[in-house]
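Step one of this worksheet: look at the structure below.
There are 2 protein chains.
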Amino acid sequence: MAALDLLGRRWSLRILWELREGPLTFRALREACDGVSPTVLNGRLAELREAALLESGESGYELTRTGRELGRALRPLDAWSERWAERLERG
Amino acid sequence: MAALDLLGRRWSLRILWELREGPLTFRALREACDGVSPTVLNGRLAELREAALLESGESGYELTRTGRELGRALRPLDAWSERWAERLERG
DNA sequence: CTCCTTTGCTACGTTTTTGGTAGCAACTTG
DNA sequence: CAAGTTGCTACCAAAAACGTAGCAAAGGAG
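Which chain is which? The protein sequence lines are A and B, in order.
In terms of the numbering used here, the first sequence opens at residue 16 and continues consecutively.
In terms of the numbering used here, the second sequence opens at residue 16 and continues consecutively.
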């Protein structure tokens, strides 16, 4: 339930999503997220860091093992969303 | 990506979650979601209805087929969150 | 060293979203 | 009829997000 609360905040899911393929710097991550305001980005990063989902490493922010596991748990969502998009387009 | 935007709004995931076991009335759904304000709940319901994830039926709000599919896609997240909670507790 | 760039990040004022309470109109029940 | 329940809107206060500017630190180039 706490997970739903954490992930149900704006940009949380998106940030994790953007980091799925590897580390990104603060600024790169910002651009990837449609230019979120640094205030919010920093806030989310703090929360996600506290939740041990990501950490600040050598080459920017990157997912922890737990974070990558979450990414894997989110894969079905990816597949679902594609089917969903198709249906919406057709009406 | 639109999916992340829709689901990354406050209460969206929670609402879908609460409906996973069957229909709930507006007021019951409100209580289930820690007493969200009706303003927000109604807004989310409108969005989710437009996204064809739920609909207002005989015995309250209930998931559509697509909504239930999303619920299934979210199952791994459930399993993950339990492991995650355990780890956080242990430090 | 100085100059320039890039980094992570904070300040701050505006806009948007959410929260909370009250309550209405429609419907059922007795 | 009165009394209860339903979905939902109005209203205002609080919180969150946005957007822009800019700072301090770190690195490289000349």
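Where a beta carbon is used, it is the ideal one built from N, C-alpha and C, also for glycine.
Just so you know, these numbers come straight off a predicted model, no measurement behind them.
- DSSP, read as helix, strand or coil, puts L78/B in strand.
- Secondary structure at E33/A: helix, using DSSP grouped into helix, strand and coil.
- Counting along the chain, the unbroken beta strand (DSSP E) around E70/A starts and ends at 69–72.
- Proximity to S96/A across A66/B, R105/B, Y76/B, A100/B peaks at A66/B, based on C-alpha coordinates.
- Per DSSP, the continuous alpha helix (DSSP H) segment holding W99/B begins and ends at 90–105.
- Contacts with chain A at 8 Å (Cβ-Cβ) do not include A47/B.
- In this structure, S74/A lies away from G23/B, with their beta-carbon atoms at least 8 Å apart.
- CA-CA distance, E104/B to G106/A, rounds to 46 Å.
- For T81/B, a Cβ of chain A is located within less than 8 Å of the residue's own Cβ.
- Inter-residue distance for G72/B and L89/A is about 29 Å (C-alpha atoms, whole angstroms).
- Scanning its chain for C-beta atoms nearer than 7 Å, with the 5 sequence neighbours on each side dropped, one finds around V51/B the residues W26, R45, in chain order.
- Per DSSP, T40/B lies in no alpha helix (DSSP H) and is assigned neither H nor E.
- Chain B places a beta carbon closer than 8 Å to that of L85/A, counting this residue as a contact.
- P91/B and L69/B have their C-alpha atoms spaced approximately 21 Å apart.
- Boundaries cannot be given for D49/B, as no alpha helix (DSSP H) includes it and DSSP labels it neither H nor E.
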